Each structure stands twice: as structure tokens, then as C-alpha cells.
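As C-alpha cells, the structure follows; a few thoughts come after it.
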Amino acid sequence: MRLRPPGWLLCLLLLPWPLWQAHGSGFDYGLEPRLVAPDTWLVEGRREAFSRDNGGHIVNVAFIVTDAGVLLFDTGPSRRFGEQLRTAIARVTDRPVVHVFNSHAHPDHFLGNQAFADASIWALPDTREQIARDGDGLAENLYGLVGDWMRGTEVRQPDRSLDQALFEFGGHRLRLLAFGGHTGADLALLDETTGVLLAGDLVFYQRALTTPQTPGLDVWRQDLERLAALDYRLLVPGHGPLDREGRAVPQTDTYLDWLDGLLSASAEAGLTMNEVMQTPLDPRFADIALGRYELQRSVSHLYPRYEQRALEPVQKASPAPE
Amino acid sequence: MEKCAKGLLLATLLMCATANAAATEDPLGSPMWDYLRTRFLGDDRYRFDDRVRVELPPFAEDPTQVPVTVDASALAQPVSRIILWADLNPIQHIATLHPLDDRVAPSLSLRIKVQQATAVRAAVLAADGVWYLGGRFIDAAGGGCTAPSLAVADPYWESHLGEMQARLFSPYQPQGPGRARFRIIHPMDTGLVDGIPEFYIEQARLEDANGTPLMRLELSPPVSENPMLSFDTRGVDALRLWLRDNNGNSFAARVNGEGG
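Structure, rendered in C-alpha cells:
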């Protein structure tokens, strides 16, 4: 009788190499939770744009460990991220993740939900609507940007609506703050027990902010005014490093003010989109990552509104003969 | 050692050959170059020249509204035609400009749709009978030409078709040109979406206050919905823009300068 290699071995050999990589050392986000306040852990994202190199790990994710279990604020950009986050949380506590909050409907904040299907997943009602409407498109777009890191990722809808102002959990008194300046529905969470403010993407720090769904920079600035009035000790921005000195909110506000002024003045001077995209960056923001890149994106999102405001309705002239 | 010298010689020869070919070899390495050159330029003489400025962002944040500026002013000779196209769009032609008067620069800014990452080019026919080519590559996730116009989902345009906004801006820099900007409500449907026929502005003419034509334009469906056209002008205090779409609707608007 001839010896034949077992079928499973053949199958394994025929696996395409990216799959090998996925099951080997590849696609490791390297998530390292850091204790930043009592019971409060942060997994800090890179100050970069989405890429095949970072797999979408550009976002801050935080969690609060209590006797009643873990409360997680945002779940990251992919199923793999969510699964690795779950493992990372299990390294620091044996308590289960009980509550998950999605701060808003941008893909890097909710596409890790799949890994927490056994928890309650909460979001603002409008955020739930946005995820139901745009989630698949956003996921598809992220596949295009970061590639195979996204394998297996599907939209897992938040199943609970946040409409209360207070959320008591495991001895922590959490104030829920519903804003809208970044996407129309943006959640911030103030832990009154520890003084930690989880600001979501209403605050960017040392990383240029993004504007694709903002209802208006003025709306965003009003939100920041309310955030600035809160009593907090430490702020976790949606993107960028922790802020213990109260610098992140003013930086975000100064940047929005500059962007608004730039777009208005440019439209009033009759500049084209390309000319605005090439405007020199304000030296005040020299240390902020991705300044040029995000300016190009913001001009694309916002400049048409400013242009239209700067133009005047014209009288129809009588059509000339050809 | 001898091998090494031979290699060096070969490399040098190759470099020389490349340098000689540089002016006629597509710097953007696009697979469609030869086909589109024949289509748009025929057998005419041409060369690539950085003085033909084509500006666009490195990536298309919104593939239905990509800003493009073409400017042939730096050629410093009269220009009779400028053809603008995107190599990898299903409809490649974007616009053809016929500058007719010194008071308007051989340039145009507008927004276009891109279907995928592509080279965007301008070919400029100058007085010496040579086409001068500029271009740039843009990265894009895609879908700009086969996405339905926003107008399809919103009946706003039906009662506002052809409405225009405009303004003549004073020079941004002293000694610089003035600028005229026009925006017109029009769906600019490409005909590439199921059940939505092509419906777009195909002709335009910019005139001075007396009706003397300054520039004539032929437009194609890749021009974005609700077109925004910007012209650079000198010594003009009033302008008229006339447009006609492929359904025979014509539109015209007059705009006066900031003093007028």
C-alpha cells in the first residue's frame, strides 16, 4: 500500500499565504492597556491616517473596570481589533465586559462590536440610526483603506439607546453628554467618580481633527464650550494623547476657529478648492499630526458651503443666440 | 571589473535614452496614454511640459467632486485650445476650452467625477502648432461616475434647474488676475446609472458686457453636479456666461465687478 499524505495536510499547503499570515504573527494590533486613572484603562491609537500598516489602530479606546464588570467606551476599527481588545482586557481583569458604548457612527469606533456580542451595546438614538444606514458602506470603505485586517468584520448594531443623563454602574457615577458637532450625534462620558472625561471625537489632541459629517464648525465649537465648563481632571480625546493640563479642548477649539476663518476668508477672496488646500498651515499647529492631509479632506467636505455663501444670486440674462 | 564597466556603460546609455524620450514618454505611465493621445491629438506633435499646470489633490476625498485647475499661462504663447481628460474614467473627456481673448487667462478651475485612481491631463495647443501636456495622478476609492447624482434623490433641482450664483472677485494679489466664479444648478447625469439618462451641460460661452466672446467651452458629463466654474480675468468689469445642456435648455447670467 502506498503512503498518501493526509487530506488535511494538502488543504493546509494549499491555503493562500495571507491566511497563513492571519493565523501566524500577522495582524497583531499590539494592544497594551494602560492604567490612567483609578479603574480606568486606555488603549491609545497611533496618530496616523488609516493604512494597511496600522490596520486602523488610530483610535483611543477606554474601559472602566468595576466589581460589576467592565464598561467599554468604543470598540475599534475591525473584528480582529475587537477580539484582540477582548483578550487585552482579560489580561488586566477577570470581570466580563458588561456594557459597551459606541461614541458615534464612525467606523473606527464601532466595527469591533462583533467581539462583544454578549454585552449590552449602547449608543445615542441618532448614532444607532446612522450606523444602520451607513454602517455597511463605512465598513466597505475601511476594507479598501486597511485591507485584510478587516477580514470577517461585519456591522454589529448597538442594541440599546442611551437617552438617560446618568448611568450608575459598579460604583461609578457616569454622566452621559449628548452632543452633535462632530457627526450630528456624539457621546461624551464624564465619570464623576474619577473625574475622567471620555470625550470621543469631539476632542482631537495633537492630531488634526476630521470633519466628514460635521453639521457645522459653529455647532462643534458650541459643544466644546459646554465641555470646557465641565469639572474633569483628565481628558481622553478620541484621537491623540491624554490631557491632564486642560489643553486638548482649547486646542480643538482654536483649530476649528482657524479652519472656519480660513474657509470664510478664502471663499470671500474667490479662491478655488485647490488653492485653499495648499494654504500654508498655521504655525500654532506645527506639532499636530496630519495637518496637511486633514486640511485637504476638510476643504473637500466643507468649502462648498462657504463658497455658496460668498457667491451672489444672479439675474438671468436673456439667452443669447448661438 | 570589466563586467562592471560594461554595466555602467549600459546604464549610462539607458539614462541618455530615457532623457531623450522624456518629453514624449508619458511621465504618469498610464496604460491608456497611447490610445487617448491618438483619440484627442491624432498624429499632431506633442511634448510633456511642466509649464502646463494641472492641480488636483493627491487623493479624491469625494470622487464625485474632485477639484481640478488647469492653467497654461506659463507657456507664454497664445493658446487656441485646451483639452482636459481623465485616462481611466468611463467617459474620458471632461472639457475643451477655446480661449478667444487676452482678457481671460488660458485656465479654468472646476470639479470633476473620477471613477477610480487615474491620470488627469490637460493638452494645450499653442501657437507653434505643438500640443503641450501637463497632468497629475489622483488616488481614489472610486465610483464617482456611476454614483447617481444627489439630484436624483432630491427633487430640488427640478424647480431650480439652471439657477446661477456668481461673483467677480478683485485680484487676490496685487498685479494678479481677477477671478470670476459661476455656480449653476444642474444634475450633470452621466447616463451610466441604470434608468437615469445622460443630462448635462455641453456648451458654455464667456462674454464681456458687450457680448464679445472671451472663451468657448465644450463640457462632458464628468463635470460634477452643480458645476462651479472659475475663470481668471484682466481688465473686465462685467461678464456674461451662457450655457446650454444636451436637452436644449439654455441659461445665461450676467455678473458685475465689485465696483460695478
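Protein chains in written order, with the numbering used here: chain A, 1 to 322; chain B, 323 to 582. Virtual Cβ for every residue (Gly too), placed ideally from N, Cα, C. Remember, it's a predicted structure, so these values are computed and weren't measured experimentally.
Neighbour-count burial assignment, residue i, 16 or more Cβ in a 10 Å radius
i	result
B:Pro472	It is worth fixing the name first, because residue 472 of chain B is Leu in this sequence and not Pro. By the 10 Å Cβ count, B:Leu472 comes out exposed.
A:His23	Note that A:His23 scores 44 on pLDDT, short of 50, meaning its location in the model is unreliable; the coordinates nonetheless yield the value given after this. Result: exposed.
B:Ser552	buried
B:Asp356	exposed
B:Leu541	buried
A:Asp108	buried
A:Gly30	exposed
A:Ala286	exposed
A:Asp39	buried
B:Tyr478	exposed
A:Ser266	buried
B:Ala379	The sequence shown places Pro at residue 379 of chain B, rather than the Ala named in the question. It is buried - the Cβ of B:Pro379 has at least 16 other Cβ atoms within 10 Å.
A:Gln21	Low local confidence applies: a pLDDT of 46 at A:Gln21 is under 50, so the model's placement there is unreliable, with the coordinate-based value given in what follows. So A:Gln21 counts as exposed.
A:Asp186	buried
B:Glu480	exposed
A:Val296	According to the sequence displayed, residue 296 of chain A carries Gln and not Val. It is buried - the Cβ of A:Gln296 has at least 16 other Cβ atoms within 10 Å.
A:Gln251	buried
B:Asp567	buried
A:Asp136	exposed
A:Thr214	buried
B:Ser429	buried
Opposing strand residues paired with residue i [DSSP bridges]
i	result
B:Glu377	B:Thr391
A:Pro237	A:Gly200
B:Met486	B:Ile506
A:Leu113	Residue identity differs from the one stated: residue 113 of chain A is Asn in this sequence, not Leu. Looking at the DSSP assignment, A:Asn113 forms no beta bridge with any residue, so it has no partner.
B:Ser572	B:Arg566
B:Ala526	B:Leu539, B:Leu565
A:Ala139	DSSP output for A:Ala139 lists no bridge partner at all.
A:Ile121	A:Val100
A:Val59	Paired residue(s): none; A:Val59 is not in a bridge.
B:Tyr368	B:Trp453
A:Asp191	A:Leu174, A:Val196
B:Met550	B:Arg505
B:Thr555	B:Val426, B:Gly500
Cutoff 6 Å; reference residue i; Cβ partners in own chain excluding five residues on either side
i	result
A:Ala208	Ile288, Leu290, Gly291, Glu294
B:Gly579	Leu490, Asp559
A:Arg173	Glu192, Thr193
B:Arg505	Gln487, Met550
A:Leu311	none
Chain-order list of residues whose beta-carbon lies under 7 Å from that of residue i (same chain, five-residue window excluded)
i	result
B:Ser546	Thr386, Gln387, Arg433, Ile434, Lys435, Met510
A:Thr323	Only positions 1 to 322 of chain A appear in the structure, and residue 323 of chain A is not among them; the question remains open.
A:Trp149	Phe27, Gly55, Gly56, Ser78, Arg80
A:Thr210	Glu294, Arg297
Proximity to residue i [Cα-Cα], best of the options
i	options	result
B:Tyr275	B:Gln414, B:Val392, B:Asp409	Within the shown structure, residues of chain B are numbered from 323 to 582, placing residue 275 of chain B beyond reach of any answer.
A:Arg80	A:Asn274, A:Phe110, A:Ala62, A:Asp67	A:Phe110
A:Asp243	A:Asp186, A:Gln213, A:Ala199	A:Ala199
B:Phe370	B:Arg361, B:Val390, B:Ile416, B:Arg458	B:Arg458
B:Pro544	B:Arg527, B:Arg373, B:Val401, B:Gly466	B:Gly466
B:Pro353	B:Ala463, B:Ala441, B:His420	B:Ala441
A:Glu32	A:His104, A:Tyr306, A:Thr87	A:Thr87
B:Pro421	B:Asn532, B:Arg503, B:Ala526, B:Gly513	B:Ala526
B:Gly570	B:Arg501, B:Gly484, B:Leu561	B:Gly484
A:Glu225	A:Val249, A:Leu263, A:Thr211, A:His104	A:Val249
A:Glu129	A:Leu85, A:Asn141, A:Pro158	A:Pro158
A:Thr153	A:Leu230, A:Leu234, A:Glu83, A:Leu302	A:Glu83
B:Arg501	B:Ser431, B:Asp476, B:Ala531, B:Arg443	B:Ser431
Residue j beta carbon less than 8 Å from that of residue i
i	j	result
A:Leu72	A:Ala123	no
A:Asp223	A:Phe179	yes
A:Leu217	A:Leu271	no
B:Thr534	B:Asp423	yes
A:Arg175	A:Gln114	no
A:Glu44	A:Asn60	yes
B:Val376	B:Gly456	yes
B:Ala398	B:Ile460	no
A:Ser298	A:Leu259	yes
A:Gly76	A:Val97	no
A:His99	A:Ala119	yes
B:His482	B:Ile507	yes
A:Ser51	A:Asp201	no
Contacting residues, own chain, Cβ-Cβ under 8 Å from residue i (five flanking each side not counted)
i	result
A:Pro125	Ser161, Leu162, Asp163, Ala185
B:Asp450	Gln399
B:Ala396	Arg373, Val374, Arg375
B:Val474	Pro509, Asp511, Val515, Ile518
A:Tyr303	Leu263, Ser266, Ala267, Met273, Val276
The ligand FAD heavy atom lying under 7 Å from the CB of residue i
i	result
B:Gly484	Looking at this structure, you won't find the ligand FAD or any other ligand, since it has none at all.
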